[in-house]
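When the letters of the sequence shown are read in order and numbered with full-length UniProt numbering, they come out as residues 1 to 274.
Ideal Cβ placement from N, Cα and C applies to all residues, glycine included.
Everything numeric in this text was worked out from a predicted model, so none of it was measured.
This report refers to the structure that appears directly beneath it.
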Amino acid sequence: MSDTREHVLTGSRGAVRVRVWPRPRPRFLALLVHGYGEHAGRYEEVAGVLGGLGAAVYAPDHRGHGGSAGERAVIEDFEDVVADVHAVADLARAAHPGLPLVLLGHSMGGLIAARYAQRYGAELTALVLSGPVIGAWELPGRLLALDEIPDTPISPAALSRDPAVGAAYRADPLVWHGPMKRPTLEAFARTLRTVAEGGDVGRLPVLWLHGDDDRLVPLDGSRVGVERLTGGPDGGGELTERIYPGARHEVFLETDRAQVFADVTAFLRRVLPR
């Protein structure tokens, strides 16, 4: 999908760049929520899959990320980011009123998407979480206990078994390659607690995707948050789970991503109105 457009919105704390993959007469809207240190442009292939199903796709760069305003890799309050994502949803709905809305969040974007669903779940038709930072994620507490945050950026090898993915990530000038920053870690810790205490999303259909060799957001810790968000194994929630053997953190860029896209496609065909 090479036909993209850009909008710039006034966000909670500055300008927010929004990438749009348009589609004539779409049958639904898809909102992509990217992860920490990256940007919406890395989701071209995901947008293509969603567009093939009939979606007009919208994806903001969060504050401090990509082409949006703010100090690089600093998010002081994720509630502001949720509000920014909601403004993007309003933009999409204004262009295409009355269409179903699907929210897809990866990693940190999974945390944002989970909180969005707690606040605005009635506006959603489905929620897709990829390697979501919810539940028992120990990294913020471990780093915040140190006097100085170590300068250890994300290892590209942790993203995918495909070496081309790591090489592209390393060379991408819009990706943050420095250390995590204390305000962002503090915001992570607060929002993990907020989502844990924020209740479940009722009967909203949820698709959870995760690699079982994800070393950035370990599977077992994420499971705690996913089950809580969907009401637990016996809570009556609409959870579909797909765990990929050997896959690392970015399942949409993994060597078996054809299966991942097939699973997303099957889920959306099942839950979207005909």
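Cβ-Cβ distance between residue i and residue j below 7 Å
| i | j | result |
| --- | --- | --- |
| P100 | F28 | yes |
| H249 | D220 | no |
| R190 | E238 | no |
| L53 | V165 | no |
| I134 | L143 | no |
| V224 | A114 | no |
| T255 | R161 | yes |
| P22 | A59 | no |
| L216 | A157 | no |
With 16 other Cβ atoms within 10 Å as the buried cut-off, status of residue i
| i | result |
| --- | --- |
| A47 | buried |
| S155 | exposed |
| L127 | buried |
| T184 | buried |
| T230 | buried |
| D200 | buried |
| A92 | buried |
| R270 | exposed |
| R228 | buried |
| R25 | exposed |
| R274 | exposed |
| A94 | exposed |
| P97 | exposed |
| P245 | exposed |
| E38 | buried |
| A247 | buried |
| R193 | exposed |
| D90 | exposed |
| R19 | buried |
| D212 | exposed |
| R5 | exposed |
| P218 | buried |
| D84 | buried |
| D61 | buried |
Distance between beta carbons of residue j and residue i, contact taken as under 8 Å
| i | j | result |
| --- | --- | --- |
| L103 | Y116 | 6 Å |
| R63 | V8 | The Cβ separation is near 13 Å, so there is no contact. |
| G110 | P132 | 2 Å |
| V88 | L31 | 6 Å |
| H106 | H34 | 6 Å |
| R182 | D80 | Wrong, their Cβ atoms sit about 17 Å apart, outside the cutoff. |
| A73 | G178 | 7 Å |
| Q118 | G198 | 4 Å |
Span of the alpha helix (DSSP H), counted from its first residue to its last, around residue i
| i | result |
| --- | --- |
| V265 | Here residue 265 turns out to be Thr, not Val, going by the sequence shown. Element bounds for T265: 257-271. |
| L144 | 139-144 |
| R182 | 182-197 |
| A247 | Counting along the chain, A247 falls outside any alpha helix (DSSP H), and DSSP gives it neither H nor E. |
| V49 | 44-52 |
| G166 | 163-171 |
N- and C-terminal bounds of the beta strand (DSSP E) containing residue i
| i | result |
| --- | --- |
| T230 | Premise fails: T230 is in no beta strand (DSSP E) and is neither H nor E. |
| I243 | 238-244 |
| R5 | 5-11 |
| P60 | 55-60 |
| A30 | 28-33 |
| L124 | No beta strand (DSSP E) holds L124; DSSP gives it neither H nor E. |
| G211 | 205-211 |
| V81 | Unbroken run through V81 is the alpha helix (DSSP H), 78-95; no beta strand (DSSP E). |
| V20 | 14-21 |
| L216 | Taken as a continuous stretch (DSSP letters only), L216 belongs to no beta strand (DSSP E), as it is neither H nor E. |
| residue 275 | Outside the shown range of the chain (1 to 274) lies residue 275, about which nothing can therefore be said. |
Meets three-Cβ-pair contact criterion under 8 Å: the stretch 205-212 and the stretch 258-271
The stretch 205-212, when compared against the stretch 258-271, does touch it at the 8 Å Cβ threshold.
Can at least three beta-carbon pairs, one atom from the stretch 173-181 and one from the stretch 32-52, be found at a separation below 8 Å?
Yes, since at least three Cβ pairs between the stretch 173-181 and the stretch 32-52 fall closer than 8 Å, the two stretches touch.
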